[in-house]
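Everything below concerns the one structure shown next.
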Amino acid sequence: MASHDAQGNTPGTTSSTPPSTTPGTPGRTLATTLGRTGIWTGALRTTDPADHGAIRDAAAEVDELGYGALWLGGSPSPDQAAFLLEATSRTTVATGILSIWGHEAAYVAERHAALDAAHGGRFLLGLGVSHGHMVKQYARPYTAMREYLDALDAAPIPVPASRRVLAALGPKMLRLSRDRAAGAHPYLVTPEFTAEAREILGDGPLLAPDLKVVLEPDLDRARATARAYLSHYLPMPNYTNNLLRLGFTEDDFRDGGSDHLVSSVFALGDAETIRRRVDEYLAAGADHLAVQVVTDDPLNNIPLAEWRTLAEALPLGHGG
Numbered sequence: 029m030a031s032h033d034a035q036g037n038t039p040g041t042t043s044s045t046p047p048s049t050t051p052g053t054p055g056r057t058l059a060t061t062l063g064r065t066g067i068w069t070g071a072l073r074t075t076d077p078a079d080h081g082a083i084r085d086a087a088a089e090v091d092e093l094g095y096g097a098l099w100l101g102g103s104p105s106p107d108q109a110a111f112l113l114e115a116t117s118r119t120t121v122a123t124g125i126l127s128i129w130g131h132e133a134a135y136v137a138e139r140h141a142a143l144d145a146a147h148g149g150r151f152l153l154g155l156g157v158s159h160g161h162m163v164k165q166y167a168r169p170y171t172a173m174r175e176y177l178d179a180l181d182a183a184p185i186p187v188p189a190s191r192r193v194l195a196a197l198g199p200k201m202l203r204l205s206r207d208r209a210a211g212a213h214p215y216l217v218t219p220e221f222t223a224e225a226r227e228i229l230g231d232g233p234l235l236a237p238d239l240k241v242v243l244e245p246d247l248d249r250a251r252a253t254a255r256a257y258l259s260h261y262l263p264m265p266n267y268t269n270n271l272l273r274l275g276f277t278e279d280d281f282r283d284g285g286s287d288h289l290v291s292s293v294f295a296l297g298d299a300e301t302i303r304r305r306v307d308e309y310l311a312a313g314a315d316h317l318a319v320q321v322v323t324d325d326p327l328n329n330i331p332l333a334e335w336r337t338l339a340e341a342l343p344l345g346h347g348g
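Every position in the sequence shown, counted from 1, becomes a number in my numbering once 28 is added.
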């Protein structure tokens with residue numbers, strides 16, 4: 029399960045003016061490296077050695093299919109990312125996201141330096157503050173993130189701002205993503221949010237939202253699959269508060285989500301329909317989409333067939 033989060037006000041309510049940017053900024057360089065589409069998945073995160081063969085093979089296929097990034101969900105450790113780096117040769121492996129409460133900054137910096145050097149600069153550190161009901165010590169998340177970034181900067185080998193992105197929903201965290209990282213990796217958002225986030229970030233920083241997709245032409249079945257998954261997130265205030273600020277209502281959160289909510293935060297349908305939804309996010313200002321295929325068992329089922337189908341329809345990385 030993803031543990032993304034960001035604190036702050038609704039995008040578009042800030043009066044802060046983004047700094048000027050140029051095509052040579054770290055976010056632009058990273059956007060070129062990642063390409064237009066990557067895969068977001070929790071199914072390739074495991075500590076069970078019995079799963080390693082299937083996970084290694086799946087990661088290698090993602091690499092061969094041409095996806096620019098593999099975002100490992102579920103607050104993965106650097107060591108779990110290391111396994112995927114070893115299984116791939118071109119694709120960037122990113123944590124989507126690593127919880128700052130569960131991983132000591134000095135250790136993360138040390139492992140990032142070693143893995144990035146060993147794998148040609150392909151390890152991208154995605155950081156987030158998780159959720160209050162999941163973290164006993166959760167308090168002042170925005171301040172905690174700033175302090176964590178300070179600790180990464182103070183490490184013997186710092187994690188460069190160009191090699192880290194932040195889970196961000198509100199303007200405060202988006203500005204921090206702009207000023208102290210290469211950009212933002214927001215979760216459970218809409219194209220409208222994406223446009224507002226781009227205004228806050230400015231032209232230079234990376235904007236790489238997650239987009240959940242159900243590759244199913246029967247819309248009733250697709251909505252049922254989407255609702256079963258979305259229901260895990262709707263009790264989380266950090267997401268629902270952001271959705272309320274975007275204009276949704278409490279009624280949209282009942283029974284796994286209204287049709288309006290589901291169609292706003294998911295792409296449902298065949299590959300061409302999903303391609304059109306991806307294009308909406310890109311047109312709204314996203315540089316890269318982290319596409320999360322949702323199935324009836326998304327954390328345990330490795331959706332290789334869906335990844336193959338989407339690779340034929342979506343703009344990818346590696347020149348795709």
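Every residue gets a Cβ at the ideal spot worked out from N, C-alpha and C, and that includes glycine.
Could you tell me whether the Cβ of residue i comes closer than 8 Å to any Cβ of chain D?
i	result
E132	Reference to chain D is not applicable here, since this structure consists of a single protein chain.
What is the DSSP secondary structure of residue i, reduced to helix, strand or coil?
i	result
F281	helix
I330	coil
G81	helix
L338	helix
T323	coil
D207	helix
V121	strand
A311	helix
V136	helix
T61	helix
A179	helix
I185	coil
T74	coil
L352	It is not possible to answer for residue 352, since the shown part of the chain is limited to 29 through 348.
T69	strand
S292	helix
V102	Residue identity differs from the one stated: residue 102 is Gly in this sequence, not Val. Three-state DSSP puts G102 in coil, outside helix and strand.
G198	coil
G55	helix
L317	strand
L234	strand
L93	helix
L112	helix
L143	helix
L126	strand
Distance check for residue j and residue i, CA to CA, integer angstroms please.
i	j	result
L239	Y95	15 Å
P106	H140	7 Å
I128	L155	7 Å
N328	G70	8 Å
A122	P169	21 Å
D324	A254	9 Å
P326	F111	20 Å
E175	R208	11 Å
L310	A87	25 Å
L153	R192	5 Å
I302	F294	9 Å
D246	A252	10 Å
P47	A314	Because P47 sits at a pLDDT of 35, beneath the cut-off of 50, its placement in the model cannot be relied upon, and the following sentence gives the value as read from the coordinates. Answer to the nearest angstrom: the Cα atoms are 18 Å apart.
S190	G55	7 Å
N269	E278	10 Å
T50	D79	In this prediction, T50 has a pLDDT of 43, which is less than 50 and means its spatial position is unreliable; nothing more can be read from the coordinates.
A133	A182	9 Å
G102	D231	29 Å
I'd like to know whether the C-beta atoms of residue i and residue j end up nearer to each other than 8 Å.
i	j	result
A299	A341	yes
R249	L229	no
G211	L234	yes
A82	I330	yes
A137	V187	yes
E244	L296	yes
P237	L317	yes
I67	V322	no
S259	G275	no
L93	R336	yes
So residue i is in the beta strand (DSSP E); what residue range does that whole segment cover?
i	result
A276	Here residue 276 turns out to be Phe, not Ala, going by the sequence shown. Here F276 belongs to no beta strand (DSSP E), and DSSP marks it neither H nor E.
R192	R192 to L194
L258	Per DSSP, L258 belongs to no beta strand (DSSP E); it is in the alpha helix (DSSP H), L247 to L258.
A167	Looking at the DSSP string, A167 is not in any beta strand (DSSP E), and its letter there is neither H nor E.
Exposed or buried, which one is residue i when buried takes at least 16 other CB atoms within 10 Å?
i	result
T120	buried
D85	exposed
D76	exposed
E224	buried
V242	buried
K164	exposed
I185	exposed
D91	buried
G167	It should be noted that the sequence gives Ala, not Gly, for residue 167. By the neighbour-count rule (16 or more Cβ atoms within 10 Å), A167 is not buried but exposed.
T222	buried
P263	exposed
A371	Given a span of 29 to 348 for the chain in the structure shown, any question on residue 371 remains unanswerable.
Y135	exposed
Assuming residue i is part of the alpha helix (DSSP H), what are its boundary residues?
i	result
T222	P219 to L229
D238	That residue, D238, is in no alpha helix (DSSP H); its beta strand (DSSP E) goes D238 to L243.
L262	L262 -> no alpha helix (DSSP H), and no H or E assigned at all.
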